[in-house]
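Worksheet: the structure to be examined is printed underneath.
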Amino acid sequence: MRFENTNLETLKIDLNRLDDVMERNGMIRAGQWDYERVSYDRKFQVKEGIYYLRVQGYAVEGDVDTFDATIQLMVPILGKYYYPHGVEYGEDEVYPTHLVNQCEKLLKNIKKEAEAFAE
-7 MRFENTNLET LKIDLNRLDD VMERNGMIRA GQWDYERVSY DRKFQVKEGI YYLRVQGYAV
53 EGDVDTFDAT IQLMVPILGK YYYPHGVEYG EDEVYPTHLV NQCEKLLKNI KKEAEAFAE
């Protein structure tokens, strides 16, 4: 599921500031990066299953590995985890309304915090 209405994809932000904003909102980057891309995830375990909210971005300036990059954010996505295959992000998945609402609230907060540092 894509969260098209967040406008996060309009933001460009310093990687270090972005890491701080995401960490405060429970989004984890961990080892999910390469020289040009980053992914932040948050796991949700609800009675309907396990879901992951993902916010991705790519470097428009600098390199992620040097912690000196400006990141262009992308449209956030929500996926359902299936053992042992992994996460499916397809539109044909069923997403609980309470989870979608929680994710929208979280993304709204991330945008509000990130806008203070965005270019």
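Take -7 as the starting number for the sequence shown in the working numbering and just add one per residue.
Just so you know, even glycine gets a beta-carbon here, dropped at the ideal spot from N, CA and C.
Buried or exposed for residue i, please, with buried defined as at least 16 other CB atoms from any protein chain shown within 10 angstroms of its CB.
i: Pro68; result: buried
i: Gln48; result: buried
i: Lys72; result: buried
i: Tyr81; result: exposed
i: Leu106; result: Checking the sequence shown, residue 106 turns out to be Ala, not Leu. Answer is buried; the Cβ neighbour count reaches 16.
i: Asn89; result: What sits at residue 89 in the sequence shown is Thr, not Asn. Looking at its Cβ environment, which holds fewer than 16 other Cβ atoms inside 10 Å, Thr89 is exposed.
i: Phe(-5); result: buried
i: Ala22; result: exposed
i: Tyr43; result: buried
Could you tell me the distance, in whole angstroms, from the CA atom of residue i to the CA atom of residue j?
i: Leu99; j: Gln37; result: 18 Å
i: Glu28; j: Asn8; result: 14 Å
Problem set entry | 3 or more residues per run - each beta strand (DSSP E) lying fully within the stretch 70 to 100 | 78 to 80
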